[in-house]
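Line order of the protein sequences matches chains B and F. Okay, so the first sequence: first residue is 1 according to the numbering used here, each after it adds one. Okay, so the second sequence: first residue is 275 according to the numbering used here, each after it adds one. Written below as structure tokens is the structure these notes are about.
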Amino acid sequence: MNVGGWASPSNLLGFALYYMLVPSVFVFAAGASYRIVRMLATARFPPAQRRPWSWIEAIKGIIWVFLRPIVFVGKTRTDDLIVGLILLHVVGVIPVLFLLAQHMSWWVYYFPPYKYLWIFAVPLSITSSVLTVTATVVPTTTMSHVFVDTIWGPLTAILNGDLLAIFVMVAIGYKCALRLVELITKHSHTPRRLGDFIAYALLFGIIFSGYVAARHRPSPDVATYMNVLGLHVLLAEILLMYIPFSKYWHFVFGYWYGKLHEWYDTDLKRGEAL
Amino acid sequence: MEQMMKMLQSGKVDLDTAIKNAMKNVDAVMMHYLENCLNCGGCAPACPFFAAGPEYSPVNKAEEVRKIYRKEMTIAGKILGRLVGAEKPKPEDMDRLMELAYACTNCGHCYYTCMVGIHSGKVVGLLKSILTSAGYVPTLLNMFEAVELHGMYKQIPGIMKIWNDALEEAQKKYGPIEFDKSFKGSTDKKPKVLFLAWISDAMMMRNGFIATIGILNKLKEAGLIDWTTWKVPEAFRAPISVVIGRSANAKKVLERVVKYIEAISPDYVLMMDGGYPYPVFRFEMYGVIKKTVGGKPKWKIVHLVEFLDDLMKEGKIGFEQADDPITWHDPCQLGRHSRVFEPPRDLLKAASSSYRDLPHNREMNFCCGGGGGIGCILREVRITMGQIVGMEIRIPPKEEEFERRVERNHLIAVRRKMEDVKKSGAKIVATACPACVETIARGVRHYGKEMGIEDVKVIHISEYLVDKLKVYTH
Ligand code: SF4
Ligand code: SF4
């Protein structure tokens, strides 16, 4: 399969990096613009008899706007807090995407100022090995099994690509299983949406292919590595294109808009009658 | 009756037109509510109706509108249809949709607990407006709306008797009222208050209504304020139309009331009702007020508790302190939707050393389950209203079935509120919304014995404050 060198479309990595990147960014940008422009076109600012507000109250308000649902879900659905929020987001997708050393070098390549975050890089593995050669972390000893030296110190036991990827896969598995059980028992507090399964499948594919590529599996030859890594990048590009049309939009816009609107609506517009 | 039935049917359109009209009103915020749901289900435990079944979770109810929206407004929905959850309702879906729409009080608890700030209650409101304009609306709410919109209550002796009797009793107890007094051109420095009292106040919170008049008269006698109210109200509980999603009619009623307010020209428009009229006037339809007045009105809309709390902070009033175990139930519209949380607590703490909060309070208050018109479409209300208007209000058998299900859900919804009351140990629940008073009282009647709280009293806050009020005239 691997003929024609790095930039050839005949290996998946070449195809993903040199042929699909620009179109996928274009589709993402077009989709995102479409959604934002539609909202801007229908934006209204209805008047209200507002209350005066202070900056202190407003700052407290915005903190609570973000915290309230987290506290609520922690009290009412602890499993969802652990799986959905912690495993999938906090010690899952977010650090993997933004702090994993390999991904950081990718971000820096396209956005050089990102290099200032290098200090927070998360290694691929808890132990140093050939798999972390692209990471900026320096092994501290010459033992055969050297541990990685990062700013995270002992937290590296959790904050490493291996474990974070496993967290995400476990979380996706749990979410899908829960949803399937609910659908089978017809006792579902959320509606059936095909998009959810597509979104989970895509994310699982990305994480799994990344995990496999990092291990140079299924076989250690270069051609397989390039194809598995290529699949990883290609799936990520598909996800990028899918973002504006799926629930992943929350990550780019929906979540931030929603929380800021809620803050404006509840704290700035209605204020607190003190 | 025939005339009324004709009025009720007027403006009815076919379902497709109803959907198209509703979709025209989708603005950026509604678009966010409709498009950005993560389907995480985090909002489910917030909803008072979730206990009645998973189908009543906020996200499940809102999904019915999302299906319509996807089909009507998105390219993927138009092409792929059900595959992407895009679908228009069929005639056989309408009963189910009615049941879902009337299992939402627009309490806003789902809004405050949603990860991405989606107010499912507002989405259900859109569903109600579609159903209403297609002719699917509970008979009683339809009647209430027509009665208010066309001012028909003025011709119904039973209704006017309730209003007039309450006024008479209030005057007997607390002195005369100067009705319809215009403050135009007045040079008096005292704050001039228009008590915007609804017929529903006199009907459903009679003692609180009388007590509010008592409070206002005490303030007037001490020279702190001047006040007036209408002899014949311009609305029943303006605007009832918002409850069933007929915004054009709501606008008409609001304009009528605003014209009256302008003629009186007060400094403050004061309400004792902390249900939907307050946020509608103050926030949600303030644009209509501005348009009617032709600019920013000179008067301020306040709730009684805010007004009294300000006077107390200025050192002009105080309360004789008792030690009754009393609590405050935040009406969702006054609390979450208008963020009036502290003033009633300040007042009750001043009036009772044994005030305590409910375990779930302020933003996280448990809705009682009676708002959104739900408390008005129960069988007992239908019978009572029939007695008041002097005729039996009959509904078709299918609607009777709907009524029974609403009643069942209503009772399930109020249960957790009653558990909260029990945990608080309060013997008096003070609040400020007729639907809350009725619903929690129904909860006491139904669960009181089982939970050991049958002696709990549910009152409007004025009832508790009136006799303890001390006005400082220094
Ligand atoms: S909490 Fe918000 S995002 Fe989650 S299901 Fe409910 S409405 Fe959707
Ligand atoms: S507004 Fe209240 S009643 Fe309506 S769906 Fe949300 S939580 Fe339930």
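We put the CB at the ideal spot given by N, CA and C, even for glycine.
Are the C-beta of residue i and some C-beta of chain B separated by less than 8 Å?
| i | result |
| --- | --- |
| Gly391(F) | yes |
| Asn244(F) | Any question about residue 244(F) goes unanswered here, given that chain F covers just 275 to 748. |
| Val688(F) | no |
| His634(F) | no |
| Glu637(F) | yes |
| His603(F) | no |
| Leu357(F) | yes |
| Ile538(F) | no |
| Thr387(F) | yes |
| Asn310(F) | yes |
| Lys623(F) | no |
| Phe640(F) | no |
| Ser612(F) | yes |
| His306(F) | yes |
| Pro465(F) | no |
Does residue i have its Cβ less than 8 Å from a Cβ in chain F?
| i | result |
| --- | --- |
| Tyr19(B) | no |
| Gly173(B) | no |
| Asp80(B) | yes |
| Arg270(B) | yes |
| Gly255(B) | The question names Gly, yet the displayed sequence has Tyr at residue 255(B). Yes, because at least one Cβ of chain F sits closer than 8 Å to the Cβ of Tyr255(B). |
| Ala43(B) | yes |
| Trp249(B) | yes |
| Ala48(B) | yes |
| His89(B) | no |
| Pro244(B) | no |
| Glu262(B) | yes |
What would DSSP say about residue i, mapped onto helix, strand or coil?
| i | result |
| --- | --- |
| Met725(F) | helix |
| Met169(B) | helix |
| Lys466(F) | strand |
| Lys574(F) | strand |
| Ile667(F) | coil |
| Pro218(B) | coil |
| Lys505(F) | coil |
| Lys186(B) | coil |
| Phe453(F) | strand |
| Ser626(F) | strand |
| Asp500(F) | strand |
| Pro332(F) | helix |
| Ile158(B) | coil |
| Ala749(F) | Here chain F has residues from 275 to 748 only, and residue 749(F) is not among them. |
| Asp694(F) | helix |
Is the beta carbon of residue i within less than 7 Å of some heavy atom of ligand 2?
| i | result |
| --- | --- |
| Gly285(F) | no |
| Thr379(F) | yes |
| Lys494(F) | no |
| Lys697(F) | no |
| Ala709(F) | no |
| Lys335(F) | yes |
| Pro322(F) | yes |
| Val303(F) | no |
| Gly395(F) | yes |
What residues match up with residue i in a beta bridge as DSSP calls it?
| i | result |
| --- | --- |
| Gly592(F) | Lys744(F) |
| Asp541(F) | DSSP lists no partner for Asp541(F). |
| Ile600(F) | Ile702(F) |
| Leu100(B) | Val122(B) |
| Val732(F) | Val703(F) |
| Asp369(F) | None, per the DSSP bridge assignment. |
Sorry if obvious, but does the Cβ on residue i come closer than 7 Å to a heavy atom of ligand 1?
| i | result |
| --- | --- |
| Leu621(F) | no |
| Ile392(F) | yes |
| Pro332(F) | yes |
| Leu312(F) | yes |
| Met389(F) | yes |
| Thr78(B) | no |
| Gly316(F) | yes |
| Thr406(F) | no |
| Thr190(B) | yes |
* Which residues, in chain order, does the region 312 to 325 of chain F contribute to contact with chain B at a C-beta distance below 9 Å? -> Per Cβ criterion, the list reads Leu312, Asn313, Cys314, Gly315, Gly316, Cys317, Ala318, Pro319, Ala320 and Phe324.
* Asked: Which residues, taken in chain order from the region 280 to 304 of chain F, show a beta carbon closer than 9 Å to some beta carbon of chain D?
  -> Chain labels in this structure do not include chain D; the protein chains are B and F.
* Name the residues in the region 190 to 217 of chain B whose C-beta lies less than 8 Å from a C-beta of chain F; which are they? -> Within the region 190 to 217 of chain B, the residues whose Cβ lies closer than 8 Å to some Cβ of chain F are Thr190, Pro191, Arg192, Arg193, Leu194, Gly195 and Asp196, listed in chain order.
* **Positions along the region 48 to 62 of chain B whose CB lies within less than 7 Å of some CB in chain F** => Contact annotation: in the region 48 to 62 of chain B, residues whose CB is within less than 7 Å of a CB in chain F are Ala48 and Gln49.
* Contact list for the region 547 to 562 of chain F against chain B, Cβ threshold 7 Å -> Of all residues in the region 547 to 562 of chain F, Arg556, Phe557, Tyr560 and Gly561 have a Cβ within less than 7 Å of some Cβ in chain B.
* At a Cβ cut of 7 Å, what residues of the region 334 to 348 of chain F count as close to chain B, listed as they run along the chain? -> Within the region 334 to 348 of chain F, the qualifying residues are Asn334 and Glu337.
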